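Quick mapping for you: the protein sequence lines, in order, are chains A and B.
So the first sequence is numbered by my numbering: it starts at 1 and just counts up by one.
So the second sequence is numbered by my numbering: it starts at 1 and just counts up by one.
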Amino acid sequence: EAQVTQNPRYLITVTGKKLTVTCSQNMNHEYMSWYRQDPGLGLRQIYYSMNVEVTDKGDVPEGYKVSRKEKRNFPLILESPSPNQTSLYFCASSLFFGQPNYGYTFGSGTRLTVV
Amino acid sequence: RKEVEQDPGPFNVPEGATVAFNCTYSNSASQSFFWYRQDCRKEPKLLMSVYSSGNEDGRFTAQLNRASQYISLLIRDSKLSDSATYLCVVNRDSSYKLIFGSGTRLLVRP
């Protein structure tokens, strides 16, 4: 089944404790992206990757890191999480960066709480 | 001003009703337009792309008005299963970077 898999689905952590949210897609998509979703603010892009070893900042990159060493994986790293990073996170992928009409396929989301 | 603005709703309608949502966007250079559907606490899913001439998919009709910079979604013969949040999505200027609206919530009651 074609899908984007995120793990974990739920995570509660403490301020300052490094964490990684994994994202993997099995569709051979070139484009992958991370979003956070907060009430009233919609989905905001954190980082995106157009292909292996090609990443760039989105609209809200502060406090996050990403890497794209393999085409299928695009982990999101929070080196020192803070309470304002409490949010619902989505990973998304698309066939090509320049073909938005294919639409994005989203993972099921990761609900992160930082206390 | 937000790049993509939507009425948050909720729109509360009876089954069988016709309901329409509008969405405005700020960048006149935007070229790609979509509607996504998001169920509570679930991931967004592509509902339909919006083309310049307007397009229809079953009970759903999408329209684009470039002059006024808004897109619309019309749902006919609403079903209980249509209850969800509908996200308006527009690319930022002429790039392929997509900007998501905050969503319009629809509740269809029996």
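Ideal Cβ placement from N, Cα and C applies to all residues, glycine included.
Note that the structure is a prediction, hence the values are computed from the model and not measured.
Residue i, enclosing beta strand (DSSP E) - first and last residue
{"i": "residue 11(A)", "result": "10-13"}
{"i": "residue 18(B)", "result": "Here residue 18(B) belongs to no beta strand (DSSP E), and DSSP marks it neither H nor E."}
{"i": "residue 36(B)", "result": "33-38"}
{"i": "residue 92(A)", "result": "87-94"}
{"i": "residue 109(B)", "result": "104-109"}
{"i": "residue 113(B)", "result": "Because chain B spans 1 through 110 in this model, residue 113(B) falls outside it and cannot be assessed."}
{"i": "residue 57(A)", "result": "54-57"}
{"i": "residue 64(A)", "result": "Counting along the chain, residue 64(A) falls outside any beta strand (DSSP E), and DSSP gives it neither H nor E."}
{"i": "residue 6(A)", "result": "4-7"}
{"i": "residue 50(B)", "result": "45-50"}
Any C-beta of chain B under 8 Å from that of residue i
{"i": "residue 108(A)", "result": "yes"}
{"i": "residue 104(A)", "result": "yes"}
Contact with chain A by residue i, beta-carbon distance below 8 Å
{"i": "residue 103(B)", "result": "yes"}
Nearest-angstrom beta carbon gap, residue j and residue i [assumed within contact, 8 Å]
{"i": "residue 75(A)", "j": "residue 21(A)", "result": "7 Å"}
{"i": "residue 90(B)", "j": "residue 36(B)", "result": "In fact, because the Cβ distance is near 11 Å, the residues do not count as touching under 8 Å."}
{"i": "residue 104(B)", "j": "residue 8(B)", "result": "6 Å"}
{"i": "residue 5(A)", "j": "residue 107(A)", "result": "6 Å"}
{"i": "residue 42(A)", "j": "residue 102(B)", "result": "4 Å"}
{"i": "residue 64(A)", "j": "residue 47(A)", "result": "6 Å"}
{"i": "residue 72(B)", "j": "residue 21(B)", "result": "7 Å"}
{"i": "residue 49(B)", "j": "residue 34(B)", "result": "5 Å"}
{"i": "residue 107(B)", "j": "residue 83(B)", "result": "5 Å"}
{"i": "residue 10(A)", "j": "residue 90(A)", "result": "About 14 Å; that fails the 8 Å criterion."}
Return the residues of the segment 43-66 of chain B that lie within a Cβ-Cβ distance of less than 8 Å from chain A, sorted by chain order. 43, 44, 45, 46, 49
By the 9 Å beta-carbon criterion, what residues does the segment 9-25 of chain B contribute toward chain A? none
What residue ranges within the segment 10-47 of chain A form continuous beta strand (DSSP E) runs of no fewer than 3 residues, ordered along the chain? 10-13, 19-25, 31-38
Any C-beta of chain B within less than 9 Å: which residues of the segment 26-50 of chain A qualify? 31, 33, 35, 37, 39, 40, 41, 42, 43, 44, 45, 48
For the segment 69-94 of chain A, which residues have a beta carbon sitting closer than 7 Å to at least one beta carbon of chain B? 90
Completely contained beta strand (DSSP E) runs for the segment 54-80 of chain B, where each covers 3 or more residues: 55-57, 60-65, 70-75
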